[in-house]
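J.:
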Amino acid sequence: MGFDWFLFFYPALQAFINGQSPYSLTDFVTPPWMLPVLAPLAFMPPLGGALLVDVLAFTGLAALCRKHQMFWAVLPLALCYPMLMLLWNAQLEGFVLWGLVVGPTPLGFFLLMSKPQVAGLVGLIWMLEAWQTGSWRRVLWLAGPTTGLAVLFVGLYPEWLGVIGQAAQRTYTANGFPYSVALGVASLVFAVRHKREEWAALATLLLVPYANVQSWMAALTLLTARYRVEGTSAALASWILAFYLEPTRW
Numbered sequence: 067m068g069f070d071w072f073l074f075f076y077p078a079l080q081a082f083i084n085g086q087s088p089y090s091l092t093d094f095v096t097p098p099w100m101l102p103v104l105a106p107l108a109f110m111p112p113l114g115g116a117l118l119v120d121v122l123a124f125t126g127l128a129a130l131c132r133k134h135q136m137f138w139a140v141l142p143l144a145l146c147y148p149m150l151m152l153l154w155n156a157q158l159e160g161f162v163l164w165g166l167v168v169g170p171t172p173l174g175f176f177l178l179m180s181k182p183q184v185a186g187l188v189g190l191i192w193m194l195e196a197w198q199t200g201s202w203r204r205v206l207w208l209a210g211p212t213t214g215l216a217v218l219f220v221g222l223y224p225e226w227l228g229v230i231g232q233a234a235q236r237t238y239t240a241n242g243f244p245y246s247v248a249l250g251v252a253s254l255v256f257a258v259r260h261k262r263e264e265w266a267a268l269a270t271l272l273l274v275p276y277a278n279v280q281s282w283m284a285a286l287t288l289l290t291a292r293y294r295v296e297g298t299s300a301a302l303a304s305w306i307l308a309f310y311l312e313p314t315r316w
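See the structure below:
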């Protein structure tokens, strides 16, 4: 448990609190505006930090299921392969899940953008709704704080952009890119026309050049909320992907 946390996050956070660049380390791609949020975990033992991140992920899943009045779905979603990989790696999708729980507020937008490649286009839906209900001031209220922090911290750590570029060139990706782009565009158009978060989350995954298996957790949960039988079936069928991708583990 906590594979990525031990290997990437903990060393990077140690570098950050010691005044060094966390992006000088291999494969640390977390957005720099998340560094102050994660920094307190650098003072905990690595296992403690990994467990805390996993608790955040599981409670975020449960809270999102409760929000959509499908608490029954916690079990099949918690047992699906993307969730297992999320807990195994102690990755940050839990922040995104909580962002979807909080909804279109400055805090929710910030949490959603903790990993923009997971469900970032849901933020576009929120901004469109904000524009329709309160003009540009509402959009600024929603996205302004996160945008300001992003500009500030990318200015402090411009090397992050290079790291992201390298990650985008990886040969392995769990979303079928670039073959998925056409479906991603179609999903995004549908999401914008009908203001549908689940299709925006799916579009995000299909359009980004790099995504991990656990990155599907937010979209899968939102799709299950809208299409319960289909979403639950996809969660259970995700184990086919597990045996296909990593047969040597079994």
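Each residue of the sequence shown is one higher than the one before, counting from 67 in our numbering.
Where is the CB? At the ideal position from N, CA and C, for every residue including glycine.
None of the values given here were measured: they were computed from a predicted structure.
1. Can you grab the Cα-Cα spacing for the pair V279 / M151, in whole Å?
2. Can you tell me the Cα-Cα spacing of L173 and E159, whole angstroms?
3. With distances taken from CA atoms, which of K261, D120, L104, V95 is nearest M193?
4. Note down, in chain order, each residue of its chain lying with its Cβ closer than 8 Å to the Cβ of T314, except the 5 sequence neighbours on either side.
5. To the nearest angstrom, report how far apart Q86 and F109 are at their CA atoms.
6. Under a three-way DSSP split, which group does D70 fall into?
7. Throw me the rounded Cβ distance for the W154 and F69 pair, which I believe falls under 8 Å.
8. What are the start and end residues of the alpha helix (DSSP H) that includes S201?
9. For N155, which of helix, strand or coil comes out of DSSP?
10. May I ask you to report which of helix, strand or coil DSSP gives H134?
11. Excluding sequence positions up to five away, which residues of its chain have a Cβ less than 8 Å from the Cβ of Q80?
12. Please classify L178: does DSSP put it in a helix, a strand, or coil?
13. Less than 7 Å between C-beta atoms, sequence neighbours within five positions excluded: which residues of the same chain meet that for S246?
14. Look at the alpha carbon of I306 and the alpha carbon of P148, and state the distance between them as a whole number of angstroms.
15. Does DSSP classify R259 as helix, strand or coil?
16. Does the beta-carbon distance from L143 to T287 come in below 8 Å?
17. If you drop the 5 nearest sequence neighbours on each side, which residues of the same chain put their C-beta closer than 7 Å to that of W316?
18. Excluding sequence positions up to five away, which residues of its chain have a Cβ less than 7 Å from the Cβ of L249?
19. Got a sec, what are the start and stop residues for the alpha helix (DSSP H) T287 sits in?
20. Can you give me the Cβ contacts of F94 inside the same chain, cut-off strictly under 6 Å, excluding the 5 residues immediately before and after it?
21. As a quick exercise: from A216, E264, A277, L227, pick the residue whose alpha carbon is nearest that of P244.
22. Can you tell me where the alpha helix (DSSP H) with W226 in it begins and where it stops?
T.: Quick look at the numbers:
1. 7 Å
2. 15 Å
3. K261
4. Per-residue confidence for T314 stands at a pLDDT of 47, beneath the threshold of 50, marking its modelled position as unreliable; the derived number appears in the next sentence. Excluding residues within five positions, none has a Cβ falling inside 8 Å.
5. 16 Å
6. helix
7. 6 Å
8. 188-222
9. helix
10. coil
11. A108
12. helix
13. L272
14. 11 Å
15. helix
16. yes
17. Any answer about W316 is weak, because its pLDDT of 43 lies below 50 and its placement is not dependable; what the coordinates show is given next. Answer for W316: F309, listed in chain order.
18. L272
19. 283-292
20. F74, A78, P88
21. A277
22. 225-234
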